[in-house]
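Here the structure is laid out as structure tokens; the discussion comes afterwards.
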Amino acid sequence: MSLLNDLQWRYATKKMNGKKVPQDKLDYILEAARLAPSSSGLQPYKIIVISDEALLTKIKDLAWNQNQIIDCSHLLVFAAWDKYTEERITEVFNYTMDERDLPHSTMDDYKNNLWGMYSQLSEEWHAHHASKQSYISFSMAIAAAAEQKVDATPMEGFLPEKLDELLKLKGSGYKSTLLLPLGYRENENDWLVNMKKIRTPKEEFITEMTIDDAANLETEPMDKTISDPKK
Ligand SMILES: Cc1cc2nc3c(=O)[nH]c(=O)nc-3n(C[C@H](O)[C@H](O)[C@H](O)COP(=O)(O)O)c2cc1C
1 MSLLNDLQWR
11 YATKKMNGKK
21 VPQDKLDYIL
31 EAARLAPSSS
41 GLQPYKIIVI
51 SDEALLTKIK
61 DLAWNQNQII
71 DCSHLLVFAA
81 WDKYTEERIT
91 EVFNYTMDER
101 DLPHSTMDDY
111 KNNLWGMYSQ
121 LSEEWHAHHA
131 SKQSYISFSM
141 AIAAAAEQKV
151 DATPMEGFLP
161 EKLDELLKLK
171 GSGYKSTLLL
181 PLGYRENEND
191 WLVNMKKIRT
201 PKEEFITEMT
211 IDDAANLETE
221 PMDKTISDPK
231 K
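So that you can map any letter, position 98 of the sequence shown is 98 in the UniProt record's numbering, and since no number is skipped, the others follow by simple counting.
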């Protein structure tokens with residue numbers, strides 16, 4: 001139950017007190033984010049860590065003046081690939097095979113299928129898909145922060161294009177997707193701290209289904225299988 005207790009404890013902190021998060025806790029949160037699963041294991045995102053006050057002040061101006069940006073200890077900026085390319089995918093798969101002592105060719109069929117699919121989709125679709133992967137990592141960071149009793153405010157409220165300019169991401173192959181200020185709540189000045197946590201009631205949130213509830217579709221078995229690359 002400890003994860004559930006941590007998730008009850010956390011909230012989107014509105015007022016932080018400027019206290020520093022120790023390096024070991026920061027490392028723990030970043031490692032949880034790094035360990036997140038991603039589609040095909042591509043991890044098409046990275047995290048930029050900012051604690052420089054002058055830079056945080058500039059970022060606050062691009063984030064609807066939200067105070068957490070300057071009252072936090074560290075700001076995590078999540079940034080995702082602006083597009084998939086064959087080279088990027090090959091590089092990740094080659095690295096994976098090197099780490100596993102397998103020949104690069106092991107993943108060729110999988111890679112060709114994947115790139116065959118991605119190459120037909122727009123760059124907008126690519127960027128959106130990569131951005132969705134960054135949200136999974138973001139979520140892991142939020143949970144890990146709660147476990148470390150570090151407050152974190154998930155934030156989409158900023159101007160990504162402007163932030164990309166400020167952080168010189170333009171032309172780097174990455175686009176900013178999310179912000180996560182980390183720090184400690186200032187109880188006396190945070191209007192949200194004692195508010196009840198509100199979520200969709202369980203009975204609305206969770207639906208159990210059986211074959212009797214499903215549509216009567218004539219489904220064909222797929223002609224391709226995602227197979228063990230070693231076979
Ligand atoms: C993707 C995402 C973007 C969010 N953007 C902001 C934001 O810009 N500023 C803010 O104060 N809270 C932001 N929130 C916080 C949500 O409002 C908050 O998580 C939600 O109301 C649930 O409350 P809780 O996190 O306190 O449990 C965001 C949350 C998520 C997941």
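All C-beta atoms, glycine included, are put in the ideal place defined by N, C-alpha and C. The structure displayed is predicted, hence computed values, not measured ones.
So, under 8 angstroms CB-CB, residue i and residue j are touching, yes? Tell me the CB distance rounded to an integer number of Å.
i: I50; j: V77; result: 7 angstroms
i: A141; j: A32; result: 6 angstroms
i: E188; j: M16; result: Rounded, the Cβ-Cβ distance is 12 angstroms, inconsistent with contact.
i: I29; j: V150; result: 7 angstroms
i: L192; j: K14; result: 5 angstroms
i: Y174; j: Y118; result: No, Y174 and Y118 are not in contact; Cβ-Cβ is about 17 angstroms, not under 8 angstroms.
i: P154; j: A54; result: Rounded, the Cβ-Cβ distance is 24 angstroms, inconsistent with contact.
i: A143; j: L3; result: 7 angstroms
Return the chain-ordered list of same chain residues with a C-beta closer than 6 angstroms to the C-beta of residue i, the five sequence neighbours on each side being excluded.
i: L42; result: V92
i: L163; result: L62 and S176
i: K46; result: A79
i: S73; result: K20, V21, L182 and G183
i: D6; result: A146 and E147
i: L121; result: none
Considering only heavy atoms of ligand 1, does any lie closer than 7 angstroms to the CB of residue i?
i: M140; result: no
i: M97; result: no
i: P154; result: yes
i: A12; result: yes
i: Q66; result: yes
i: G157; result: yes
i: K25; result: no
i: K197; result: yes
Need the endpoints of the alpha helix (DSSP H) that residue i sits in, please.
i: K46; result: Element bounds for K46: not the alpha helix (DSSP H) but the beta strand (DSSP E), Y45 to I50.
i: K196; result: Run containing K196: none; DSSP gives neither H nor E here.
i: F205; result: K202 to F205
i: H126; result: E123 to E147
i: W9; result: S2 to W9
i: R34; result: Q23 to R34
i: R88; result: E86 to E99
i: T57; result: E53 to D61
i: residue 302; result: With the chain covering only 1 through 231, there is no way to say anything about residue 302.
i: G171; result: Segment: none, G171 is in no alpha helix (DSSP H) and carries neither H nor E.
i: L114; result: D108 to Y118
Using a Cβ-Cβ cutoff of less than 7 angstroms, which residues in the same chain neighbour residue i once the five nearest sequence positions on both sides are dropped?
i: I69; result: L56, I59, K60, A63, L75 and P181
i: S131; result: A80 and T177
i: I89; result: L42, K111, L114 and W115
i: Q8; result: K197
i: H104; result: N94 and M97
i: L169; result: A79, K175 and S176
So the beta strand (DSSP E) residue i belongs to, where does it begin and stop?
i: G183; result: Y174 to G183
i: F158; result: No beta strand (DSSP E) holds F158; DSSP gives it neither H nor E.
i: V77; result: H74 to W81
By Cβ distance below 8 angstroms, which residues in the same chain neighbour residue i in space, the five residues on each side in sequence not counted?
i: L35; result: M140
i: S38; result: P44, Y45, Q133, I136 and S137
i: M195; result: Y11
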